[in-house]
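Just below is one structure, and these are the notes that go with it.
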Amino acid sequence: MFKSTISSKGQVTIPKEIRDHLNLIEGDTVGFQYDPEGKVYLDKQIIFRDCPVCFGSGKIDTDNKACYMCDEKKVIPNNIFAFKLIHEVQWRKYRISYTLIHHATDSNKEVYQLSIPVFSLRSDLYGSDSLAAGNDYIQMKLIQEYAPRRVQDPEQYAIPSDIVLAEITSLLTESSSKREVTSWFRA
């Protein structure tokens, strides 16, 4: 049995052992239930959203094929990290290959680490529009996770120069994705 104290604001810290057991991370939603006997149950709530590639239909209309991102389930977890999503998508099943670049070389052949990893998709079966939607969704998740944050307020993105912002948006394909990412930094 684990114990926790209620703060003056009515908040309770979930003990580390319970967080580890439920795989809780920052931003997760926790559900509470109680039964007639007065026992309280706590579980991790997985919040889903419509798939950004097929828009919740399970099929990609432009290619008349099954959706590779949600595996025809029509939804994907909302608060999933980019690397976990990349790992969970069944790329081979849909004959799609991906590239994830963490390092690059400069003109002097020196290797350096990219501030934001670069993600790209390729396939002979799916069209470029279908791949662009999935590519941009994952690339936007990588931008969210790797973009520099403000020192005073780590919840807020640092305000990049126009040149840096152009480099960040150049990682994306669709203009709607570029506009959304620009709004994150120029709110």
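Numbering-wise (the numbering used here), the sequence shown opens with residue 12 and increments by one.
Backbone N, C-alpha and C fix where the C-beta goes; we use that ideal spot for every residue, glycine too.
All of these numbers come straight from a predicted model, not from anything done at the bench.
Option nearest residue i by Cα separation, candidates the options
i	options	result
Asn89	His114, Trp102, Lys152, Lys120	Lys152
Glu156	Val41, Lys95, Val122, Gln101	Lys95
Asp39	Gly49, Glu48, Phe59, Asp46	Phe59
Cys81	Val41, Gly67, Phe92, Thr180	Gly67
Thr193	Pro159, Leu176, Gln167	Leu176
Ile91	Asn34, Ile71, Val122	Asn34
Tyr168	Ile17, Ile174, Ala198	Ala198
Ala158	Leu125, Tyr52, Asn119	Leu125
Arg133	Ile154, Ser15, Tyr123, Tyr109	Tyr109
Tyr105	Ile71, Asp117, Ala93, Tyr123	Ile71
Glu37	Glu48, Ile57, Gly49, Gly21	Ile57
Ser254	Ile154, Val23, Arg160	What the structure shows of the chain is the stretch from 12 to 198, and residue 254 is not part of that stretch, so it cannot be assessed.
First through last residue of the beta strand (DSSP E) which encompasses residue i
i	result
Gln124	122-134
Test item: CB-CB of residue i and residue j under 9 Å
i	j	result
Ile97	Leu136	no
Gly145	Tyr79	yes
Val64	Ser141	yes
Asp84	Cys62	As written in the sequence, residue 84 is Lys, which differs from the Asp given in the question. Yes.
Ile127	Ile179	yes
Ile170	Phe130	no
Gly138	Asp74	yes
Glu28	Phe43	no
Ile25	Val51	no
Enclosing alpha helix (DSSP H) for residue i [first to last residue]
i	result
Val192	186-196
Ser108	Careful: Ser108 lies outside any alpha helix (DSSP H), inside the beta strand (DSSP E) at 107-116.
Leu176	173-180
Asn146	139-157
Residue i CB to nearest heavy atom of the ligand GTP below 8 Å
i	result
Ile91	Absence of the ligand GTP is noted for the structure shown, with no ligands found whatsoever.
- Message: Quick check on the DSSP output: what are the complete beta strand (DSSP E) runs of length 3 or more inside the segment 18-94, in order along the chain?
- Response: Those beta strand (DSSP E) runs which fall completely within the segment 18-94 and span 3+ residues are 40-45, 51-56, 59-61, 86-88.
- Touch test, the segment 134-150 against the segment 180-194, Cβ-Cβ under 8 Å, three pairs minimum: These segments touch.
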